[in-house]
Amino acid sequence: MLSGISDNKDKPNAEGSVGNISTWITAALRNEQFFSFAELNQAIRKKLEEFSHRPFQKKEGSRYDIFHEEELPLLAPLPAYPYELAEWKQATVQFNYHISCAGMLYSVPYEYIKRKVDVRVTDKMVEIFYNNNRIASHRRLYGHKGQYSTVTEHMPPSHQQYLEWNGDRFRKWAERIGENTYQVVDAILTSKRVEQQSYRSCMGLLKLADKYSVNRLEAACRKALSFTPSPSYKSIKNILDTGSDRAESDNNGNAATTKTTSTQNSHALTRGADYYRR
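Structure representation (structure tokens):
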């Protein structure tokens with residue numbers, strides 16, 4: 456209570472000092488011209504320094520001396536970073552262990568999938584909290600929507616084991632098998648928002664060549680693509696397990712043979728020009 460009374464008594468003195476400083480600086484600069492705020496601010500700062508070093512009339516020292524000797528030792532250090540306005544939101548962690556914020560996606564530890572989290576958003580950072588504990592932080596993304604910021608440690612172990620792989624590597628492997636296998640792998644890679652989530656399916660698909668042969672895998676991919684432009688690993692494996700890829704190859708071979716025979720017969724029955732000249 457006493458400190459409150461003291462503060463109230465000091466307040467008029469502080470406000471009076473501010474008024475005196477403003478009047479003194481305004482009077483000192485009244486006849487000068489400035490062509491930018493930078494010039495004006497520089498002149499005000501110079502006059503402020505001059506005013507703070509002016510000796511008191513009724514006691515020793517100056518305002519500058521009192522500040523450095525009495526007030527400065529009691530002040531707390533300034534924050535390391537400038538204050539930023541922040542906006543708080545709520546989000547649900549998706550099955551791909553990311554949250555959506557302003558059209559961008561940011562990862563959190565996969566253990567929090569389906570949990571509701573609090574999101575603190577500033578101009579530079581996106582921080583994610585669960586039960587008042589920060590579980591993730593990202594530099595804020597800007598630009599086209601749908602960008603991902605993914606931390607490796609947030610990924611489940613089954614996804615981390617494919618970190619040395621990338622989409623281009625899977626595509627080149629598939630291209631060596633055949634055009635249809637390449638199309639299927641490319642479709643799988645583009646089917647997920649996070650490409651790493653498709654690596655397991657790509658690896659499993661390409662490994663089918665070791666079990667069934669390169670030719671059969673290519674035939675199975677060709678058959679699957681005749682039904683849908685985006686076949687899955689399971690559909691390719693089912694074709695190989697049931698052997699329907701072999702039926703596809705046999706039908707293609709029979710069709711080619713029939714076509715050849717038909718072509719030969721049609722030529723055999725065709726009478727040449729000499730026949731009609733008789």
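Using the numbering used here, the first residue of the sequence shown is number 456, and each one after it goes up by one. Glycine residues also receive a C-beta, built at the ideal position from the N, C-alpha and C atoms. Remember, it's a predicted structure, so these values are computed and weren't measured experimentally.
Item	Value
Work out the CA separation of K647 and G601 for me, nearest whole Å.	12 Å
Using C-beta distances below 7 Å, list every residue in its chain close to S562, excluding the 5 sequence neighbours before and after it, in chain order.	Y552, H553, A591, S604, T605, V606, H609
Kindly indicate which three-state DSSP category N496 falls into: helix, strand or coil?	helix
Measuring straight from C-alpha to C-alpha, what distance separates Y536 and E526?	23 Å
Indicate the three-state DSSP secondary structure (helix, strand or coil) for G474 in the structure shown.	helix
Report buried or exposed for P686, applying the criterion of at least 16 other Cβ atoms within 10 angstroms of its Cβ.	buried
To the nearest angstrom, how far is it from the Cα of E634 to the Cα of G698?	20 Å
Where does H548 land, buried or exposed, given buried means 16+ other C-beta within 10 angstroms?	Before going further, note that residue 548 is Val rather than His in the sequence given. By the 10 Å Cβ count, V548 comes out buried.
Whose C-beta lies closer than 8 Å to the C-beta of I480 among residues of the same chain, with five residues either side of it excluded?	I499, K502, L503, F506
Assign W628 to one of three DSSP states: helix, strand, or coil.	helix
Look at the Cβ atom of V576, then the Cβ atom of A541, and state whether they are nearer than 8 Å.	yes
Given that a residue counts as buried once 16 or more other Cβ atoms are within 10 Å of its Cβ, and exposed if not, what is S756?	There is simply no residue 756 to check, as the chain begins at 456 and stops at 733 in what is shown.
Which full runs of the beta strand (DSSP E) of 3+ residues lie inside the stretch 528–573, going along the chain?	542–547, 553–556, 559–562
Kindly give me the distance between the Cβ atoms of P611 and Y567, rounded to whole angstroms, as I take these residues to be in contact under 8 Å.	With a Cβ gap of about 12 Å, P611 and Y567 do not count as contacting.
For I643, which residues from the same chain have a beta carbon less than 6 Å from its beta carbon, with the 5 sequence-adjacent residues on both sides left out?	S653, S656, C657
Within the continuous alpha helix (DSSP H) that includes M580, where are the two ends?	Careful: M580 lies outside any alpha helix (DSSP H), inside the beta strand (DSSP E) at 580–585.
Can you find the residues in the same chain that come closer than 6 Å, C-beta to C-beta, to F489, ignoring five residues on each side of it along the sequence?	L495
Taking the C-alpha atoms as reference points, what is the distance between P487 and T478?	A small correction: the amino acid at residue 487 is Glu; Pro does not occupy that position in the sequence shown. In a straight line, the C-alpha of E487 is about 15 Å away from that of T478.
Using the C-alpha atoms, what's the distance from K569 back to L596?	23 Å
Do you know how far the Cα of I583 is from the Cα of V473?	43 Å
Which residues bound the alpha helix (DSSP H) around S656?	654–667
Rounded to whole angstroms, what is the Cα-Cα separation between N475 and D578?	39 Å
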